[in-house]
Amino acid sequence: MAGRRAELMEENRSKLIAAARKAFADKGYAAASMDELTADVGLTRGALYHNFGDKRGLLAAVVNQIDGEMASRAREIGHKAGDDWNGLLAEGAAYIEMALEPEVQRIVLLDGPAFLGDPSQWPSQNACLRTTEQTVGRLVSEGIMKPIDPEAAARLINGAALNAALWIAGSDDPKAVHPKAVEAFRCLVDGLLS
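Residue numbers for the sequence shown follow this note's numbering, beginning at 54 and rising by one.
If you want it as structure tokens, here you go:
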């Protein structure tokens with residue numbers, strides 16, 4: 054009985070996240086109706102409040118899901134680059150490029166910071182930070198990067214990629230901004246090479 058209840062709760066949670074993701078992408082967070090969203094998946098507002106506390110909690114869950122997917126995609130691209138240094142550059146460039154995707158722009162880069170605050174405080178961003186810090190630590194110990202504090206370098210590298218993505222998302226012409234943002238990101242990170 055308890056197992057089925059937990060399964061049902063997880064199913065409801067997944068339904069709400071999927072419905073919110075679509076609604077937030079289509080209409081934006083502020084315009085998305087919680088009554089419509091819950092009705093679309095055959096649930097009540099009570100299910101939303103039980104699982105997420107409120108609409109903001111639901112947004113946090115959606116942002117966490119998308120940001121986690123972005124990090125996974127960027128890591129996959131980084132692994133294909135062949136080594137830690139090129140992987141670090143490829144991951145950052147991939148994250149920046151994802152800012153061209155409408156769902157990422159609207160939910161993660163525009164509505165996320167507006168309604169959830171500083172992205173550097175999000176759990177998904179902190180997971181990325183730890184991964185970058187480990188990579189930087191290896192690069193420093195191998196003498197590929199200058200002897201710099203790995204946490205400080207990771208924070209600045211991730212911050213540069215995030216701010217480049219925010220710039221693209223907020224731009225009137227994201228496609229024109231994208232190559233400039235990637236080029237500047239690469240130049241900044243190249244300054245850390247030994």
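A virtual CB, placed ideally from N, CA and C, is assigned to each residue, including glycine. For clarity, every value in this text was computed on a predicted model and none was experimentally measured.
Whether residue i touches residue j by CB criterion (8 angstroms)
| i | j | result |
| --- | --- | --- |
| S173 | G212 | yes |
| L142 | A222 | no |
| V116 | L169 | yes |
| L245 | A206 | yes |
| S67 | G121 | no |
| G135 | E144 | no |
| P155 | A83 | no |
For residue j and residue i, the rounded distance between their alpha carbons
| i | j | result |
| --- | --- | --- |
| A72 | D88 | 11 angstroms |
| G81 | D164 | 7 angstroms |
| A124 | Y148 | 7 angstroms |
| V94 | K199 | 53 angstroms |
| P227 | L215 | 14 angstroms |
| R191 | W138 | 10 angstroms |
| A92 | R159 | 23 angstroms |
| V193 | A100 | 48 angstroms |
| R126 | R57 | 33 angstroms |
| C181 | R98 | 33 angstroms |
| P203 | I210 | 10 angstroms |
Contacting residues, own chain, Cβ-Cβ under 8 angstroms from residue i (five flanking each side not counted)
| i | result |
| --- | --- |
| Q118 | I70 and R74 |
| R109 | F168 and L169 |
| T184 | A124 and R128 |
Per DSSP, the bridge partner or partners of residue i
| i | result |
| --- | --- |
| L246 | M198 |
Residues near residue i in its chain [Cβ-Cβ closer than 6 angstroms; skip 5 each side]
| i | result |
| --- | --- |
| A76 | A85 and L90 |
| T188 | D137 and L141 |
Residues near residue i by beta carbon distance below 7 angstroms, same chain, minus five either side
| i | result |
| --- | --- |
| A234 | I149, A217, W220 and I221 |
| L241 | A213 |
Quick check on the DSSP output: what are the complete alpha helix (DSSP H) runs of length 4 or more inside the segment 141-171, in order along the chain? 165-169
Please list the segments of the alpha helix (DSSP H) lying wholly inside the segment 76-127, counting only runs of 4 or more residues, in order along the chain. 87-93 and 98-105
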